[in-house]
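Protein chains in written order, with our numbering: chain P, 996 to 1177; chain G, -14 to 467.
From the three backbone atoms N, C-alpha and C, an ideal C-beta is built for every residue, glycine too.
Reviewing the structure listed below.
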Amino acid sequence: MSSSSDKSKDIQDTTKRDFLYLTAASMGAVAAGSVVWPLVDQMNPAADTLALSTTEVDLSPIKEGQSITVVWRGAPVFIRKRTHAEIEESRGVDVSTLRDKESDEDRTQKAEWLVMTGICTHLGCIPLGQKSGDQKGDYGGWFCPCHGSHYDTAGRIRKGPAPKNLIVPPYEFLDDTTLRIG
Amino acid sequence: MASGQREKFENPVIEWVDSRLPVFTMMQKEYGVFPTPKNFNYFWNFGAIAMFMLVTMILSGIILAMHYTAHNMHAFDSVERIMRDVNYGWLIRYIHSNGASFFFIAVYIHIFRGIYYGSYKRPRELLWIFGVLIFLLMMATAFMGYVLPWGQMSFWGAQVITNFFSAIPWVGEDIVLWLRGGFAIDNPTLNRFFSLHYLLPFVIVGVVFLHIWALHVTGSNNPEGIEPKTEKDTLPFHPYYTMKDTFGILVFVAIYAIFVFFFPNALGHPDNYIPADPMVTPAHIVPEWYFLPFYAILRAFTFGVNIYILAGLGLTVVALLPLFTKKTAKEISLPVMSFLMALAGVLLLLGYFSQLELESGAKALSLPLSTAFVDAKLCGVLAMFGAIAVLFVLPFLDTHPVRSARYRPWFKLGVLLLVVDVVILTVCGAKPAEGFWVPLSQVSMLYYMGFFMMGIPFLSKFEPIKDLPKSIHQSVLGGERA
Ligand code: HEM
Ligand code: FES
């Protein structure tokens, strides 16, 4: 019964079966994955949501020391024409002492124009500091009332629970008074 | 289930059905004659009450969904229309919104009962785990439900809670985008939350079924925490506990009705009657009351993990390891453990104060390397989820052979303090995170975590094992202890 040729056939059979088994299983895995991915990916932003990705802003009415808030992708963007004092204050800071180390120059294209999303990097509240009567925090920039994050005149986190500076969105100056965000 | 073991029913219709599908036999066995310990106190009512609330929520919810519009432009108005125009719409909505609160009240008492009387212990571990899973699903359901009326708190609650996930390193931002389906909380978010808010309660029903199935395998625990031994220790479920549960539900519903009719908005937040405005954050974002303890834990982290805290935590693990590896208290050296814990305590305090100092700019300690490398936000989120996760592993942290706190005075003290602690956390969660409230929530958070992760394992080994009553019957009659 168990001649040596039988044995080698047995071994051949097992390896062949193992191979078939493995290929079938991996094809199954690929098939399952390709079904699951659309089910997962449908939750990501849809094409029309993505299409809202740019906003143009007319800067001409904004005077020095004034801020406006515009809506970009459903969220507020702060645009501020900074005063000289604010710019100097921000540039005077030693970057190595900051929590999220970015220099003022890293965060602006033109020194007087500060553009950033107005969403606290802690848990997403809108910081105060856009209106003249607002609380601006210990560093004269913005203050998030939700859990007490203080941002400086370049929107950098200085104190409180937020881990990062206010995010600077991609933007471009189309001409001297027109800004395109996105 | 073999029909041979089945007893015949007299009613021919019931008999016809039962001989084909023995549902009546099953009901008879599980809810009719089911032997139930005869010494239950009123804490044992809250399972049935929670069940009643689940049904109430599903019925009122399905009715609300007939009139509700899941669109960011119409949601708020559709809820106002339910309140003003739909016949009895106000009643259905108040039943649903206050029902969520009362569902949580019932479940919190139910969970307390389980901890106090040691119901989570062998052989009921899986039963307990299903329970915690139900709790978790309820929290997700209630959170998404609260977003539906699309008021200011709905919107900003959704903003803050989805933002938790941004704390996850590297993939966090992508997860948040995926959860929201857009760059901000918007119509896609509202739509998916409505879909899931409709779905999850039925998932809860499924898990409740498993929960009860597991209960009927092990049988109920009881205030004495000892297993029934003879028939004298138990009563048939019907009519004794069907009646007692009905009574309990009636009392509970009476209180619930007082809120629905006389204080329908007492447990809610007035800001949610302001339509959602993505451009204005309310001054104080407060979650619903039932989330407050967890919210307080989240915000307790005004500091992160730096090298000192990491070392302190590491040393704590080393100090407590013998509690898990050694079999008896005799093999554990208390002096060594206390010494290591004291050392760990010093390190943790150094880590904490060095960060306070960085924040305030003071120079009293001036320790090197005091900057946190795991930031406060991630720590807060982990601790908040950890506060729930620890409930899942509770059966494995507690190896003490006695169940009920009645026979564990040390454990009893710990649990009662835990209740006080959770109440303090609830208050802290409602207050702005400033001044005195911050250290108070930090200390309370420490007790919460410490009780489960250190207190329970410690007591498992060191709390003396008391004599238990011989049987439930004897203890009911005030009999002698064995
Ligand atoms: C586990 C059970 C459930 C819980 C804990 C729960 C919780 C909640 C909460 C807290 C709200 C916000 C109430 C408010 O402030 O207005 C809500 C709203 C809502 N729920 Fe539920 N719910 C449950 C089951 C259901 C079910 C099964 C449905 C059915 C489809 C449903 C449909 C709705 C609808 C349409 C709203 C929006 C209307 C409104 O805000 O009053 N819910 N839910
Ligand atoms: S969201 Fe701004 S400090 Fe928490």
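Interface residues of chain G facing residue i [CB-CB closer than 7 Å]
{"i": "P/GLY1143", "result": "ALA418 and GLU419"}
{"i": "P/PRO1156", "result": "THR287, ALA361 and LYS362"}
C-beta atoms of residue i and residue j nearer than 8 Å
{"i": "G/ALA169", "j": "P/ARG1068", "result": "yes"}
{"i": "P/LEU1161", "j": "P/MET1111", "result": "yes"}
{"i": "P/HIS985", "j": "P/ARG1153", "result": "Nothing can be reported for residue 985 of chain P: it is not among the residues displayed for chain P, which extend from 996 to 1177."}
{"i": "G/PRO208", "j": "G/TYR105", "result": "no"}
{"i": "P/PRO1183", "j": "G/THR287", "result": "Because residue 1183 of chain P is not part of the residues shown, which for chain P are 996 to 1177, the question remains open."}
{"i": "P/ILE1121", "j": "P/GLY1113", "result": "yes"}
{"i": "G/ILE450", "j": "G/PRO386", "result": "yes"}
{"i": "G/ILE270", "j": "G/TRP141", "result": "yes"}
{"i": "G/LEU277", "j": "G/ALA418", "result": "no"}
{"i": "G/PHE222", "j": "G/TYR16", "result": "yes"}
{"i": "G/GLU344", "j": "G/LEU350", "result": "no"}
{"i": "G/PHE237", "j": "G/ILE34", "result": "yes"}
{"i": "G/SER63", "j": "G/HIS52", "result": "yes"}
{"i": "G/PRO320", "j": "G/SER205", "result": "no"}
{"i": "G/LEU325", "j": "G/TYR293", "result": "no"}
{"i": "G/GLY399", "j": "G/LEU453", "result": "no"}
{"i": "P/THR1064", "j": "P/PRO1071", "result": "yes"}
{"i": "G/SER355", "j": "G/ASN291", "result": "yes"}
{"i": "G/GLY136", "j": "G/PHE61", "result": "yes"}
{"i": "P/GLY1135", "j": "P/THR1148", "result": "yes"}
{"i": "P/LYS1131", "j": "P/GLU1107", "result": "no"}
{"i": "G/THR126", "j": "G/ILE189", "result": "yes"}
Neighbour list for residue i in chain G, Cβ cutoff strictly below 8 Å
{"i": "P/ASN1039", "result": "LEU162, TRP163 and GLY166"}
{"i": "P/THR1044", "result": "GLY166, GLY167, PHE168, ASP171 and PRO173"}
Residue i (DSSP reduced to helix, strand or coil)
{"i": "G/PRO186", "result": "helix"}
{"i": "P/VAL1088", "result": "coil"}
{"i": "P/VAL1158", "result": "Residue identity check: residue 1158 of chain P is Pro in the sequence provided, not Val. Note: P/PRO1158 maps to coil in three-state DSSP."}
{"i": "G/ILE354", "result": "Checking the sequence shown, residue 354 of chain G turns out to be Leu, not Ile. Coil, per DSSP."}
{"i": "G/ASP383", "result": "coil"}
{"i": "G/TYR102", "result": "coil"}
{"i": "G/TRP274", "result": "helix"}
{"i": "G/THR287", "result": "coil"}
{"i": "G/MET(-14)", "result": "Bear in mind that a pLDDT of 44 at G/MET(-14), under 50, signals an unreliable position, so the number given afterwards is only what the model happens to contain. Three-state DSSP puts G/MET(-14) in coil, outside helix and strand."}
{"i": "G/MET438", "result": "helix"}
{"i": "G/ILE234", "result": "helix"}
{"i": "G/TYR73", "result": "coil"}
{"i": "G/GLU411", "result": "It is Thr, not Glu, that sits at residue 411 of chain G in the sequence shown. Helix, per DSSP."}
{"i": "P/LEU1109", "result": "strand"}
{"i": "G/PHE338", "result": "helix"}
{"i": "G/PHE(-6)", "result": "coil"}
{"i": "P/SER1144", "result": "strand"}
{"i": "G/PRO260", "result": "strand"}
{"i": "P/ASP1170", "result": "strand"}
{"i": "P/ASP1053", "result": "strand"}
{"i": "P/ARG1153", "result": "strand"}
{"i": "P/SER1062", "result": "strand"}
{"i": "P/ALA1070", "result": "strand"}
{"i": "G/THR301", "result": "helix"}
{"i": "G/TRP113", "result": "helix"}
{"i": "P/ILE1176", "result": "strand"}
{"i": "P/SER997", "result": "Confidence at P/SER997 is low in this model, with a pLDDT of 49, below 50, so its placement is unreliable and no value can be given for it."}
{"i": "G/LYS311", "result": "coil"}
Neighbouring residues, chain C, relative to residue i (Cβ below 8 Å)
{"i": "G/ALA268", "result": "In summary, chain C is missing from the structure at hand, where the protein chains are P and G."}
Where residue i meets chain P, residues with beta-carbon distance less than 9 Å
{"i": "G/PRO263", "result": "VAL1066, GLY1069, ALA1070, PRO1071 and ILE1121"}
{"i": "G/GLN144", "result": "ILE1114, LEU1118, GLY1119 and CYS1120"}
{"i": "G/GLU542", "result": "Since the first residue shown for chain G is -14 and the last is 467, residue 542 of chain G is missing from the structure and cannot be characterised."}
{"i": "G/ARG177", "result": "MET1038"}
Beta-carbon neighbours of residue i, restricted to chain P and to distances below 8 Å
{"i": "G/GLU15", "result": "Those do not exist, as G/GLU15 stays about 37 Å from chain P at its closest Cβ, beyond 8 Å."}
Partner residues on chain P for residue i, Cβ-Cβ distance less than 7 Å
{"i": "G/ASN148", "result": "LEU1118 and GLY1119"}
Between the segment 271 to 296 of chain G and chain P, which residues of the former have a C-beta closer than 8 Å to a C-beta of the latter? Correct list: ARG284, PHE286 and THR287.
For the segment 355 to 368 of chain G, which residues have a beta carbon sitting closer than 7 Å to at least one beta carbon of chain P? Of all residues in the segment 355 to 368 of chain G, ASP360, ALA361 and LYS362 have a Cβ within less than 7 Å of some Cβ in chain P.
Report the residue ranges of all alpha helix (DSSP H) runs contained in full by the segment 3 to 54 of chain G; include only those spanning at least 4 residues, in chain order. Correct list: 8 to 12 and 31 to 52.
Tell me which residues of the segment 1108 to 1123 of chain P have at least one Cβ-Cβ distance to chain G shorter than 7 Å, keeping chain order. Correct list: HIS1117, LEU1118, GLY1119, CYS1120 and ILE1121.
Counting only runs that start and end within the segment 116 to 150 of chain G, where is the alpha helix (DSSP H) found for 4 or more residues in a row? Counting only runs of 4 or more, we get 137 to 148.
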